[in-house]
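Each remark here refers to the structure printed beneath this line.
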């Protein structure tokens, strides 16, 4: 077990076979947020307590505008440094509240919850397994993890979509390699941001489900090469650039290892998205950053949007 994990706290939905989980409760059932945090012994509050010092006369006096952070269930000081009046305390329940709409909407389950460094850092993760909204012909593994981490001492709450399961200090570090997807500081503005976050997640889940419903309708068998020719308007006057793109799409639509099988409109859709993200040609294609910028606000994004509209039209959506 990673030495940084408090062995008397934490809960996992299943045991990590390679890791000694003594002291961490393994739960073989799906639980709502409150029950999961109770199982993990992480339903505590953290309060600000006036920091004091001894003056030259040996009298204990208050340190102006400085407070210690105290965990209420065992009176552990959970920050190596003091905080000011502006610091808004966040607890594990606050982290979970941000992502609870995902669990409530059936898009995931609470997977792990634990504390690190004697309570200085708290981690809550949701396992995203949105099987219901996957297109019918997609048999790929859609398991990802939404990692929420709260640092008392640094004044940060961080959120990250990660591909690896988070169960200890090392896996938390791996999950946040490259930075957080969302980071919020502990000031009064954080209260409103936490209040708004569930609305954002709910809206995103609704949008994703609607999009996946449309994608499911692309499960229509077609002649893939001929359909790609039609979509790209390939004829005798086609340029070399158009022909090269056509060849890339046909190849990408038939890659079983990547989940395409050269049969349906959905395979062509995946070929389009694969080509826009992986093709290194053009001014923007030399780097992943350049390709992403072009997808978000450039020619690759325009091409993807146009092709998707045409595919939906062929599917009768």
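Numbering (the working numbering), first residue to last: 3 to 319.
Ideal placement from N, C-alpha and C gives every residue a C-beta, glycine not left out.
How would you call residue 16, buried or exposed, if buried means at least 16 neighbouring beta carbons within 10 angstroms?
-> exposed
Would you decide whether residue 304 is buried or exposed? Buried here means 16 or more other CB atoms lie within 10 Å of its CB.
-> exposed
What is the DSSP secondary structure of residue 60, reduced to helix, strand or coil?
-> coil
In its own chain, which residues sit with a C-beta less than 6 Å from the C-beta of residue 98, not counting the 5 before and 5 after it?
-> 35, 126
Excluding the five sequence neighbours on either side, which residues of its own chain have a C-beta within less than 8 Å of the C-beta of residue 105, listed in chain order?
-> 34, 35, 111, 112, 128
Residues of its chain near residue 203, where Cβ-Cβ distance is below 6 Å and the 5 sequence neighbours each way are ignored = Contacts found: 103, 104.
In chain order, what residues of the same chain have a beta carbon less than 8 Å from the beta carbon of residue 114, not counting five sequence neighbours either side?
-> For residue 114, where only same-chain residues beyond five positions count, the Cβ hits under 8 Å are 12, 13, 14, 15, 125, 126, 127, 167, 168, 169.
Going by the beta-carbon positions, is the gap between residue 267 and residue 218 smaller than 8 Å?
-> Note that the C-beta distance between residue 267 and residue 218 is not below 8 Å.
The beta strand (DSSP E) spanning residue 162 covers which residue range?
-> 158 to 164
Nearest-angstrom Cα distance between residue 130 and residue 61?
-> 54 Å
If residue 323 sits next to residue 10, beta carbons under 8 Å apart, how far is it from one beta carbon to the other, in whole angstroms?
-> Residue 323 is absent from the model: the chain starts at 3 and stops at 319.
If you drop the 5 nearest sequence neighbours on each side, which residues of the same chain put their C-beta closer than 6 Å to that of residue 292?
-> Taken in chain order, the residues that qualify are 286.
To the nearest angstrom, how far is it from the Cα of residue 221 to the Cα of residue 28?
-> Residue 221 and residue 28 have their C-alpha atoms spaced approximately 39 Å apart.
Assuming residue 226 contacts residue 297 (C-beta within less than 8 Å), just tell me the rounded distance between them.
-> Contact flag wrong, Cβ pair sits at about 23 Å.
Output the boundary residues of the beta strand (DSSP E) element that contains residue 185.
-> 184 to 187
Could you give the distance in angstroms between the alpha-carbon of residue 146 and the alpha-carbon of residue 163?
-> 7 Å
Can you give the Cα-Cα distance for residue 283 and residue 250, rounded to whole angstroms?
-> Rounded to the nearest angstrom, the two C-alpha atoms are 12 Å apart.
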